[in-house]
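Numbering (our numbering), first residue to last: 6 to 1216. Virtual Cβ for every residue (Gly too), placed ideally from N, Cα, C.
Encoded structure:
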């Protein structure tokens, strides 16, 4: 190895930032350039492996143990276990070590299994075969073995294995067509170009002779930016240098379409590809419930330390008397006497810590892990979330976040492929004010409800006829559609000629395909582009040929595209189509008012509209146009700017022909899902890479924006007219004018009293808002705060033209705001992966855009509509179950360990355990664990159908409401009360020596029988029965499994105690529990005391529940009462609105139902209303018997259906 190579490697791996090179040189085919041209410095690049897993075989154990011991409880129990090993403690180390080992092992197995699934998915990608050209032959190798510089052969419909520079294609013009659906969400076909000097290398042998190097920038995440150059070494000394741009770069994850094969060279591989750089790093997500658990744990740790301190101090106060400190039967050794008092006190403190450490429930963590892991299968098994078309159901990639599904406050959704099907449909066109609907040809009827709709054969005037045919020809010619000669695409047949499935259209824009297909249904069929001539089949089945002279491509600034064509008769036409705002100002004649009215009508219906115009060109004008375009195209500097100026000059003085309306069909029930999420109190944001008009139309169609929503724009167009500072403050004043300082969160989002605001922001403006403030700027850098304040007061927000990382930035911004809301991100493409990883909960849709989103998400669902059940039903249940689990665990451990604390006052603070070692170890593992685990898996406090029908019930559990401090304190005090009843109840019953004599003369043995183990066993028996029956009282959904586990646990405790004390076990050194349990049960008063103490312990909780349900019932409790009244059929007969507590609402809250936008593609039937007349008896339908409000409960507002007078039931 020469010194230059060593120096290069050192600078690459060891040197500071200043020595880092910002470009790389790639040797195509790993060929050394001709001698004397430049120094050959081979560089090291990563291989092509994609890694989404967290662990490897080697680091799993240390890394997993490190992560687990970061949890407070695990670390604490490890310390306690070590203390038990080191010092002489009252309990065996097994009592702490066994539960801890169990917890760590179960958690490690669960996380290892989940990571193994990720490894499996990664291996499927990394071991995918690719074709590489080596020594003039095509060789198959695994994708992970691909290296920078390899020449790759990719065939049609194959996915690019890494980032490639296109060298040559099977097409003569050196172009290829690509879909980038998995990257930017657009399923349309895009055109990429080979380098002019390499496009002739069409075989393996020819490609192998190519000698060239590529110099390009180092990897960076911007999908749309690439700068490089290729140096081609031919026979001459100097290489030919050609520029490379994003039009030459094929990105990993994109798919080759409509091109037989291509040759390309790998420049970025593995985790350096643009797709991988757009992934957020996987971080450990922790749910709000887990954070609450950790907070409670700290409180209990403080209680534990204070207990140990109190007992340590009191022990030394007690032992101040020498007779107590060193009685005659327990003399100290000399070593013990010489130990320093502080060391003895510290040892005693640790011993008390060990004795009381069971108040920290280590088994709670393993129960939670098992509950999450097993509970996640309910999502996978849900038949309603199974999609017949895909043949797949929902997937759970991470079960740690199940309960977080019940806490979502913000939903961030992608648009294309998530809300919409990404499938455009031509609806109508309007020519000179006459509307043409393709379906009208089939059914022979004029579409009702629309003005001046003409049939195509309605014989308009000659001029109109000419304009009509010109309009249809314009749409058949003004596009970049290609015709694909094959039967199917993605399994869908699309025939050009009816009955002959021979070809279909593909394009970089799905709108264009919809328009060309719409024209075919109206009688004008685009056939093909051959030898620069476009062929059209007209209504008379004659083929018309037009020579394509120039294409003025669409761009997002102009928002229009044009073509210049020459007809057979030699006439020159310039046809232009584009957004109404870019066409109308350039029109000098035509029926502008009629067309504009129709365009506005269609826009309100949520349809995507385009206007079409034309002008005839003379030969002189055409030559002038050619000169303008050529001079702009040849410019090396500011080429885009000069082209834009040329287009501006050419595209003016049009004659307006008409307009079209195209619909991007919403996914099934997308609007209903968004409406339900709104009613559930969630805010929905749409984050899309699409343009503003299209995205806004979809937002109206999906009911994100409503007709009465006032749209606020924060876009580049507006910030060009005003400074960003002024625009932000204007918007802030607008939204806060009505509400004062209060945010919309205080009001119901759909109440009629408050103006609904919707915000639209684009990527460029968002970058400006997010940019850190400059020193000394007048704004003071508070743009983010103002922006957040505006967003909080908007019922919906649309962010368009978003880059993948910007989507993640938005989610991060909301997560970090002062309320710290729980966020959910949902998307279907690789461009959504960053926001899916950033949000608290990430959901991937298994759509048309690849599986990157599904693979990197926490949950994957087939369609957007399944989000409704996932949140409103599964999320609700998961949260209810786990919150009960957490509170119950702390409660039963307080009941367990507080008697041990009280017992120290009666045993001279000697650290004497109240319970036997077996009871200490098995209490949380065996006796009380299964009932709560089963409860946390199958409990349904409200019927599933009711949760789906009434989304507002989701609000009852919002903001972690069931794990708030007041509820936690109630459970803790309940545990303390029960523990005092167990201890003092048993203590006072033990006062009388005749208590268990059972009529026998056993005076001499009574003290022996009623020793500390009998006392402890009696307390423990009452404890086990009380905590188990407390759970039974909290259970609403009883099945045979509940009965089996609850009564089976109590039976197991009794049988275990009988066996443990009834048999002499040879492996035990001593058996202090021998015959204790049997002697206790042989006493009638013992049975009576157990029953009595259990009833007294449960009484306060029962009384509290009865009073609260009678006087202050929650919405959930009202519905539970009603469901019992109807014996489980509430969801069939009852208007749920009548069960809600009356909200304090203003006037006009019930008008929201009139704002629904009817769309032509809506296939859902109108809502059926069933009138149920109840005969004679009380009117249970309105539930007056247990509703505390007035005579006529007519409600309105969010989540409240409008109820008319009388017994009317919505079904």
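- For the options 702, 164, 654 and 1101, the alpha carbon positioned closest to that of residue 259 is the one of 164.
- 119 is the residue among 1120, 119, 195 and 472 whose C-alpha sits nearest the C-alpha of residue 65.
- According to the DSSP assignment, residue 796 belongs to the alpha helix (DSSP H) that extends over 788 to 797.
- Taking a 10 Å sphere around the C-beta of residue 307, we find fewer than 16 other C-beta atoms and assign the residue as exposed.
- DSSP places residue 386 in the coil class of the three-state scheme, outside both helix and strand.
- Put simply, of 672, 433, 673 and 770 the residue whose alpha carbon is nearest the alpha carbon of residue 608 is 433.
- Residue 272 has its alpha-carbon roughly 27 Å from the corresponding atom of residue 806.
- Residue 233 is bridged by DSSP to 221 and 249.
- Close CB contacts of residue 387 within its chain, under the 8 Å cut and outside five residues either way in sequence, are with 398, 399, 874 and 879 (chain order).
- Looking at the backbone, the Cα of residue 990 and that of residue 902 are separated by about 16 Å.
- Boundaries of the alpha helix (DSSP H) around residue 349: 346 to 361.
- Judged by their CB atoms, residue 833 and residue 423 are nearer to each other than the 8 Å cut-off.
- Within the DSSP bridge table, the entry for residue 865 names 400 and 849 as partners.
- Following the DSSP letters along the chain, one finds residue 767 inside the beta strand (DSSP E) bounded by residues 762 to 767.
- Taking all protein chains in view, the Cβ of residue 972 is surrounded by fewer than 16 other Cβ atoms within 10 Å, so the residue is classified as exposed.
- Contact between the stretch 480 to 489 and the stretch 521 to 534 is established, with three or more Cβ pairs separated by less than 8 Å.
- The residue from 264, 1067, 130 and 146 with its alpha-carbon nearest to that of residue 136 is 146.
- Within the same chain, Cβ atoms closer than 8 Å to the Cβ of residue 104 are found at 82, 367, 368, 371, 926, 929 and 930, the five residues on either side in sequence being excluded.
- The C-alpha of residue 195 is placed about 8 Å away from the C-alpha of residue 185.
- Listed in chain order, the alpha helix (DSSP H) elements of length 4 or more contained wholly in the stretch 505 to 568 are 515 to 526.
- Excluding the 5 residues flanking it on each side, residue 877 has same chain C-beta neighbours closer than 7 Å at 681, 685, 952, 953, 956 and 959, in chain order.
- By the neighbour-count criterion, in which a residue is buried when 16 or more other Cβ atoms sit within 10 angstroms of its Cβ, residue 140 is exposed.
- Beta bridge pairing from DSSP links residue 267 with 159 and 174.
- For residue 116, the uninterrupted alpha helix (DSSP H) segment begins and ends at 99 to 131.
- Excluding its 5 nearest sequence neighbours in each direction, residue 679 has C-beta neighbours in its own chain below 7 Å: 689, 707, 708 and 709, listed in chain order.
- When DSSP states are grouped into helix, strand and coil, residue 56 belongs to the coil group.
- Your pair residue 438 and residue 407 does not check out as a contact, with CB atoms roughly 57 Å apart and the cut at 8 Å.
- Between the C-alpha atoms of residue 965 and residue 762 there is a straight-line separation of about 28 Å.
- Closest by C-alpha distance to residue 673, out of 394, 1030 and 170, is 394.
- By the Cβ rule, the stretch 546 to 556 counts as touching the stretch 566 to 583, because three or more pairs are nearer than 8 Å.
- Beta bridge pairing from DSSP links residue 180 with 198.
- Around the Cβ of residue 524, a 10 Å sphere holds 16 or more other Cβ atoms; the residue is buried.
- Here DSSP, grouped into helix, strand and coil, assigns residue 731 to helix.
- Rounded to whole angstroms, residue 910 and residue 904 show a C-alpha spacing of 10 Å.
- By the neighbour-count definition (other C-beta atoms within 10 Å, threshold 16), residue 1083 is an exposed residue.
- Scanning the stretch 66 to 93 for uninterrupted alpha helix (DSSP H) segments of 4 residues or longer gives 77 to 91, listed from N- to C-terminal end.
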